[in-house]
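Be aware that the sequence shown starts at 28, since it is given in my numbering, and climbs by one per residue. Beta carbons are placed, not taken as given, at the ideal position from N, Cα and C, and that holds for glycine. To keep things clear, I will list the structure first and then write my remarks on it.
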Amino acid sequence: MKRILINKSLTDELRIALVDGARLFDLDSETNEIKILKGSIFKAKVSRVETSLDAAFVFYGAERHGFLPLKELTDDFYEKDDEGKRVCNLKENDEIIVQVLKEERGTKGAALSAQLSLAGRFLVLIPNSSRGGGVSRRISGDERDQVKNIIKQLAIPEGMSVIVRTAGLGRNIEELNWDLDYLLSMWSQIDKSTKDVDSPSLIYSDDKLILRVFRDYYREDIEEILIDDKDVYEEALKFAQSVIPDHANKLKFYDEEIPLFNRYQVESQIESAFQREINLPSGGSIVIDPTEAMVTIDVNSSRATKGKDIEETALATNLEAASEVARQLRLRDLGGLVVIDFIDMQNVENQKKVMNGIRHAVNLR
Numbered sequence: 028m029k030r031i032l033i034n035k036s037l038t039d040e041l042r043i044a045l046v047d048g049a050r051l052f053d054l055d056s057e058t059n060e061i062k063i064l065k066g067s068i069f070k071a072k073v074s075r076v077e078t079s080l081d082a083a084f085v086f087y088g089a090e091r092h093g094f095l096p097l098k099e100l101t102d103d104f105y106e107k108d109d110e111g112k113r114v115c116n117l118k119e120n121d122e123i124i125v126q127v128l129k130e131e132r133g134t135k136g137a138a139l140s141a142q143l144s145l146a147g148r149f150l151v152l153i154p155n156s157s158r159g160g161g162v163s164r165r166i167s168g169d170e171r172d173q174v175k176n177i178i179k180q181l182a183i184p185e186g187m188s189v190i191v192r193t194a195g196l197g198r199n200i201e202e203l204n205w206d207l208d209y210l211l212s213m214w215s216q217i218d219k220s221t222k223d224v225d226s227p228s229l230i231y232s233d234d235k236l237i238l239r240v241f242r243d244y245y246r247e248d249i250e251e252i253l254i255d256d257k258d259v260y261e262e263a264l265k266f267a268q269s270v271i272p273d274h275a276n277k278l279k280f281y282d283e284e285i286p287l288f289n290r291y292q293v294e295s296q297i298e299s300a301f302q303r304e305i306n307l308p309s310g311g312s313i314v315i316d317p318t319e320a321m322v323t324i325d326v327n328s329s330r331a332t333k334g335k336d337i338e339e340t341a342l343a344t345n346l347e348a349a350s351e352v353a354r355q356l357r358l359r360d361l362g363g364l365v366v367i368d369f370i371d372m373q374n375v376e377n378q379k380k381v382m383n384g385i386r387h388a389v390n391l392r
């Protein structure tokens, strides 16, 4: 049974865990002290434009200046010169609205974009571009054509666009328009706020965990949402009744003697999940090394090869590794360039199986 577990600790940290049976697949948390920047929108000021890097450095209020690739600008920042060539008109001290794509890490500043996006339950609204809309890359085949027809029926304001999320598949036009209205209302508030503040200022923060639970984690195959804090339960129930009223009965207040995360073996999995080396069921392992440039993952057959066909064992271990790698990337919130060194295999069909395995695993959520 798939469940979402929501736990409030004694230190007021709010944690959510996505489990299948007793296996942890995703983890998220928030505290009063730590605010999540990813997805946040700022009114910022351009510090300098580096044409050699095709990027600008932007002061948005953090300790380090953010990095804004010029390709992340909207059409408003481009004009044609006398020769008809498209040139960027962004310059030092310009005020600009940016969104955090990737938080600061190590010595690197945050990655920013001026192409804003607001994610809803079924749609993603792109409020300052009419060219970025379409269909989630996870939707393929005939379903893409169905979704494209649905988009044509949505009341999308001129100059804006939407992307239909995988959760939007099978939804009727009323549900999608409801989600669109919600996002347009949110954008209206954000747009108004940008005119009332100086730079740098935080305009919008995507840091409300309960909102993310229903927007990013909830799917119809989730059978229960268990919450061990009464206030959080009532807040979540109120929100669920407004966004997924037909499924609000899946929320349950958990008040048993055994702590919620212990009941489903989540605590022990959290401890083991962040080790450098993760053991696989067959006896192999994966070793995860995040660096500033990339995430490297080495698949090790270890003792799993003893007395067995090497090719067969390599395939089995690689398939286990593909599933575990996808799980670990979600748990650790790792992204960017990920290099996986699978165990060598000679059979081309086996190589395709592993490639399909990793593709399937990373698209599970």
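Measuring alpha carbon to alpha carbon, tell me which residue in the options is nearest residue i.
i	options	result
Y260	N34, M28, T323 and G93	N34
P272	E247, S220, S156 and K219	E247
V85	Y291, A138, M382 and H387	A138
I324	V366, F301 and E284	V366
T134	D368, D81, V352 and T318	T318
C115	D102, L64 and K380	D102
A82	L95, S328 and I124	L95
E250	D39, D47, E40 and L51	D47
A146	K112, L210 and E110	L210
E284	Q292, D255, I43 and G195	D255
E351	D371, N327 and M372	N327
E170	L196, P154, N155 and L152	L196
Y291	L253, L236, S79 and N155	L253
R359	M187, V322 and R239	V322
Could you check if residue i is buried or exposed, using at least 16 other CB atoms within 10 Å of its CB as the buried criterion?
i	result
Q126	buried
F369	buried
F149	buried
A49	exposed
F301	exposed
A388	buried
G93	buried
V375	exposed
R303	exposed
S226	buried
So, at 6 Å on beta carbons, what are the nonlocal neighbours of residue i in its own chain, with the 5 sequence-adjacent residues on each side left out?
i	result
S232	S67
I396	Past the edges of the chain, shown from 28 to 392, lies residue 396, and the structure says nothing about it.
L391	Confidence at L391 is low in this model, with a pLDDT of 48, below 50, so the placement of that residue should be treated as unreliable; the coordinate-derived value is given next. So no residue of the chain qualifies.
F241	V270
Take residue i and list the residues in its own chain whose beta-carbon comes closer than 7 Å to its own, dropping the five residues that flank it on each side.
i	result
R91	E131 and G136
R354	F52
E40	S56 and T58
L45	I31, F52, D53 and Y244
M213	L145
What does a CB cutoff of less than 8 Å around residue i pick up in its chain, not counting 5 residues either side in sequence?
i	result
K129	K65, A137, A138, G362 and G363
V224	K70 and I230
Q373	E338
K107	R113 and V114
>> When you compare the region 299 to 311 with the region 272 to 286, are there three or more beta-carbon pairs, one atom per stretch, that lie closer than 8 Å?
In response: The region 299 to 311 makes no contact with the region 272 to 286: fewer than 3 CB pairs, one atom from each, lie closer than 8 Å.
>> Could you check whether the region 284 to 299 touches the region 335 to 342, counting it as contact only if at least three pairs of C-beta atoms, one from each stretch, sit closer than 8 Å?
In response: Cβ pair count under 8 Å is below three, so no.
>> Is it the case that the region 41 to 59 contacts the region 72 to 91, given that we only count it when at least three CB pairs across the two stretches are under 8 Å?
In response: The region 72 to 91 vs the region 41 to 59: no contact.
>> Please give me, in chain order, every unbroken run of the beta strand (DSSP E) with length at least 3 that falls completely inside the region 277 to 304.
In response: Taking only runs of at least 3 residues, the beta strand (DSSP E) segments lying wholly in the region 277 to 304 are 278 to 280.
> Should the region 204 to 217 be called in touch with the region 106 to 121, which here means at least 3 C-beta pairs below 8 Å?
Replying inline: Touching, no, given that fewer than three Cβ pairs across the two stretches are closer than 8 Å.
>> With three or more C-beta pairs closer than 8 Å as the rule, is the region 164 to 184 touching the region 196 to 215?
In response: These segments touch.
>> List, from N- to C-terminal side, the beta strand (DSSP E) runs of 3 residues or more that fit wholly inside the region 202 to 241.
In response: For secondary structure counted as the beta strand (DSSP E) over 3 or more consecutive residues, the region 202 to 241 holds these complete runs in sequence order: 228 to 231.
> Fully enclosed by the region 108 to 187, which beta strand (DSSP E) runs are 3 residues long or longer?
Replying inline: If only complete runs of 3 or more residues are kept, the region 108 to 187 shows the beta strand (DSSP E) at 113 to 115, 122 to 129, 138 to 140 and 150 to 153, in order along the chain.
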